[in-house]
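Take a look at the structure below.
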Amino acid sequence: MTARAAGPSSARVGVAVPAAGSGLRMGGVRKAFLYLLGQPTLLHALGPFLAETRVVAVVVALAPEDASSPPSWLLDLAPRVLVVAGGATRSQSVRSAIAALPEDLDAIAVHDAARPLITLRVVAECLDLALEGFGAVAGCPAVDTLKRVDTQGFVLDTPDRSSFWHAQTPQVFPAGVLRAAYADARAEGTDDSALVERTGSGVRVRMVDAGPSNLKVTRPEDVPVAEAILRGRAER
Ligand code: C5P
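With my numbering applied, the sequence shown covers 49 to 284.
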C-alpha cells in the first residue's frame, strides 16, 4: 500500500473509529480484536487511513475495559493513533472519539473497526469530496429488489431499487458539519450521515461506490468471506 498526497498538502483530516461493540452477534468476541489472516480486524481497518498523508490523527474508541489496557500493537501507533473509552452505543463511541481529535481539522472521517476491507482508493475519494465541502459515504448500489413491509412482514410496496444504495463506512464530512451533528448529546443512530442530514446543514452528501466487498464483519460466517477477499487481494 502506498502513501497518497492528493489534495492540498496542508489538508488535515482526523478519523474517529468506533470499536467498542460487544460482539454479541460474533458470540461475544470483540470484532476489532478478531484476527483475519494473522492481523487484527482493527489494524486492517486502520491501514488505508494510516497510508493517507492527509490523515493527521486517528482516535479509536474501545470498550472501557480495553481502553484502560490497549493491546501493544495499538499503542505502538501512538501518537498518530490514540485510544479513548467508547460508550454504550455507537453514537456515544463516535462522540467520544470526535471529542479527542485535534480542534484544527478540515475534515473528519468515521470508520467502523468492523470494516477491515476498506481500500485506499475509497478512503482517498471520500477525503477528496469532504475537503471540497461535501459529505461522502462509502456504499454500494442495491442489487436485490427491495420490499417495504409492515410490522408483520406483509409487503406494502416495491420501491424502484435504482435509487437505493447500501450505506457503509467511511463517512466523511467537513469537520464543523460532523461536530455539529454530534453536538447534541442525545443524537443517536447507526449512521453518521443520517445525523448530519437531520441537522439541516444543507451540506450535500455523495455516495462513493466501495462495492459489496467492503463488508462489516458481524457474524462468524463473515470471517471466511473476509479472509478470502483479503487473500485474493494479496495474490493480485
Ligand atoms: O454492531 P454495530 O454494527 O453497530 O457496530 C458498528 C461499529 O460500531 C463497530 O465497529 C463497533 O465496534 C462499534 N460500536 C461502538 N460502540 C458501541 C457499539 C458499537 O464503538 N457501543
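Where is the CB? At the ideal position from N, CA and C, for every residue including glycine.
Excluding sequence positions up to five away, which residues of its chain have a Cβ less than 6 Å from the Cβ of A59? Here residue 59 is taken as the residue at index 11 of the sequence shown, counted from 1. Cβ within range, chain order: R102, D154, L179.
Nearest-angstrom Cβ-Cβ length linking P66 and A105, presumed shorter than 8 Å: Along the sequence shown, one-based indexing puts residue 66 at 18. Along the sequence shown, one-based indexing puts residue 105 at 57. Not really, about 16 Å apart at Cβ, beyond 8 Å.
Looking at D257: is its Cβ nearer than 8 Å to the Cβ of V158? For the purposes of this step, residue 257 is taken as the residue at position 209 of the sequence shown. For the purposes of this step, residue 158 is taken as the residue at position 110 of the sequence shown. No.
May I ask you to report which of helix, strand or coil DSSP gives A64? On the sequence shown, position 16 is the one that residue 64 refers to. It is a strand residue.
Does the segment 138 to 145 come close enough to the segment 223 to 240 that 3 or more CB-CB pairs lie under 8 Å? yes
Spatial neighbours of V203 within its chain, please: C-beta separation below 7 Å, excluding the five flanking residues on both sides. Numbered from its first residue, the sequence shown carries residue 203 at position 155. Counting only Cβ-Cβ distances below 7 Å, and skipping sequence neighbours, we find K195, V197.
Could you pull the start and end residues of the alpha helix (DSSP H) that P272 belongs to? Within the sequence shown, numbered from 1, the residue matching residue 272 stands at position 224. P272 -> alpha helix (DSSP H) spans 270 to 283.
What is the DSSP secondary structure of E100, reduced to helix, strand or coil? The residue you call residue 100 lines up with position 52 of the sequence shown. Of the three classes helix, strand and coil, the one that applies to E100 here is strand, per DSSP.
Are the CB atoms of L263 and A276 within a distance shorter than 8 Å? Residue 276 sits at position 228 when you count from the first residue of the sequence shown. Residue 263 sits at position 215 when you count from the first residue of the sequence shown. No, these two residues do not count as a Cβ contact at 8 Å.
Sorry if obvious, but does the Cβ on G69 come closer than 7 Å to a heavy atom of the ligand SAM? The ligand SAM is not among the ligands present in this structure, which contains only the ligand C5P.
Grouping DSSP H, G and I as helix and E and B as strand, with all else coil, what is V251? Here residue 251 refers to the residue found at position 203 when the sequence shown is read from its first residue. The answer is coil: DSSP assigns V251 none of H, G, I, E or B.
Could you tell me the distance, in whole angstroms, from the CA atom of G75 to the CA atom of A190? Taking the first residue of the sequence shown as 1, we reach residue 75 at position 27. Taking the first residue of the sequence shown as 1, we reach residue 190 at position 142. Spanning the two alpha carbons is a distance of roughly 28 Å.
Report whether the distance from the Cβ of G75 to the nearest heavy atom of the ligand C5P is below 7 Å. Position 27 of the sequence shown, counted from the first residue, corresponds to residue 75. No - the ligand C5P has no heavy atom lying nearer than 7 Å to the Cβ of G75.
Cβ neighbours of D270 in the same chain (closer than 8 Å, five flanking residues each side left out): Here the question's residue 270 lines up with position 222 in the sequence shown. For D270, where only same-chain residues beyond five positions count, the Cβ hits under 8 Å are L263, K264.
DSSP on F81, reduced to helix/strand/coil? Reading the sequence shown from its first residue, position 33 is the one you call residue 81. Helix at F81.
For D160, verify whether its CB is less than 7 Å away from any heavy atom of the ligand C5P. On the sequence shown, position 112 is the one that residue 160 refers to. At least one heavy atom of the ligand C5P is nearer than 7 Å to the Cβ of D160, so yes.
CA-CA distance, L91 and R246? What you label residue 91 is simply residue 43 of the sequence shown in a count that begins at 1. What you label residue 246 is simply residue 198 of the sequence shown in a count that begins at 1. Approximately 32 Å between the Cα atoms of the pair.
Give me the DSSP bridge partner(s) of H214. Your numbering for residue 214 matches position 166 in the sequence shown. Looking at the DSSP assignment, H214 forms a beta bridge with C188.
How would you label A80, buried or exposed, when you count the other beta carbons within 10 angstroms and need 16 or more for buried? Counted from its first residue, the sequence shown places residue 80 at position 32. When all chains shown are included, A80 counts as buried.
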